[in-house]
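Here the protein sequences line up with chains A and B, keeping their order. So for the first sequence, my numbering puts the first residue at 1; every next one is plus one. So for the second sequence, my numbering puts the first residue at 1001; every next one is plus one. Beta carbons are placed, not taken as given, at the ideal position from N, Cα and C, and that holds for glycine. As structure tokens, the structure follows; a few thoughts come after it.
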Amino acid sequence: MRRDCLKCFKKLSEYLDGELDDKICHGIDAHLRKCPECREYVDSLRKTIQLCKGTAIEEMPADIHDRVRSKIRELLRM
Amino acid sequence: MDKMSPDVTDHSLIAAFKAGDTEAIDKIVERYENPIFTFGLKMCGHLQDAEDIVQETFLSAFKYLDSFREETKLRNWLFKIAARACMRKRRKKKCEPERKISLESLIHKDGSNGNYEIPDWSDDPSDAFLRAELKEVIDTAILSLPTKYRLAFTFRDIEGFNTEETAELLEISKQSVKTRLHRARLFLREKIVNHYWEGEIQ
């Protein structure tokens, strides 16, 4: 990996999260404009985050819901 | 929202609980059981463990809620308790020592810099089978993360806490949160790309 690509690679999450200083952010923008490989990498990382977020939420099964409630009631002697 | 300004609903529920209103217990559980269950399942991978974590979290929370001074948000406090419950469970199971994910190990692991395209399945909610398969791949990948990276990733990208909140929850620096999150995401990206290119997801 080239040095400027590595520099970009190390900061990609902060870049995607908008947590970088403007100066560093502009530097990465400029690098991405001229480096198609890093652009693809950023795109795949962005999709990874979206996919993980999109498939993440779990629905608690009803039987677990009932057991949790009754345990809390039992222990708090309601 | 500022971490010092409590959620209005939580604030009234806590006040009601302190005043002896038992309905407040159900309402607090109702608000947070699903996110804590999601957290428990992502962290432990088993329904029974996730159930234990939800139960331990609420039991501990209600035991101490009377003295909770709202210096932090209720949600953050509950997740901190849940994280401790996860760590206790891990210790009980005598898991292997934590692996570290080095940045070097994530560079160029899947070939050249190109050909990294990930299909945009997130736009196609109609294909339930594909989504179920994808979810399994992602859940397995998340579970294969070493615990400290999984915690940072789950708090930031699944539960939506910001960097500062995550640092407080895990009692680490903001820079450590960023480092762990970045490595976790790169690791997950690689797992998803590998599955795709190995033809495990069509």
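Nearest to residue 1025(B) by C-alpha distance, out of 1065(B), 1100(B), 1084(B), is 1065(B). Distance from the Cα of residue 1020(B) is smallest, within the candidate group 1058(B), 1062(B), 1041(B), 1035(B), for 1062(B). Only 37, 38, 40, 41, 43, 44, 45, 47, 48, 49, 50, 51, 52, 53, 54, 55 from the segment 37-55 of chain A bring a Cβ to less than 8 Å from some Cβ of chain B. In the three-state DSSP reduction, residue 1107(B) falls in the coil class, being neither helix nor strand. Within the same chain, Cβ atoms closer than 7 Å to the Cβ of residue 1166(B) are found at 1152, 1155, 1156, 1177, the five residues on either side in sequence being excluded. Around the CB of residue 1085(B), 16 or more other CB atoms lie within 10 Å, so the residue is classed as buried.
Around the beta-carbon of residue 75(A), fewer than 16 other beta-carbon atoms lie within 10 Å, marking it exposed. Just measuring C-alpha positions, the residue of 1056(B), 1028(B), 1029(B), 1037(B) sitting nearest residue 1158(B) is 1037(B). Not a single CB atom of chain B sits nearer than 7 Å to the CB of residue 7(A).
For residue 1161(B) and residue 35(A), the gap between their C-alpha atoms comes out near 32 Å. Rounded to whole angstroms, the Cβ separation of residue 1183(B) and residue 1101(B) is 4 Å, and the two are in contact under 8 Å. Think of a sphere of 8 Å around the beta carbon of residue 1178(B): the chain A residues whose beta carbon falls inside it are 13, 14, 19, in chain order. Along the segment 1148-1159 of chain B, going in chain order, the ones with a CB nearer than 7 Å to a CB of chain A are 1157, 1158. Closest by C-alpha distance to residue 72(A), out of 1169(B), 1133(B), 1023(B), is 1023(B). For residue 65(A), the C-beta contacts it makes with chain B under 8 Å involve 1033, in order along the chain. Shown here, residue 1180(B) sits in a helix according to DSSP, grouped into three states.
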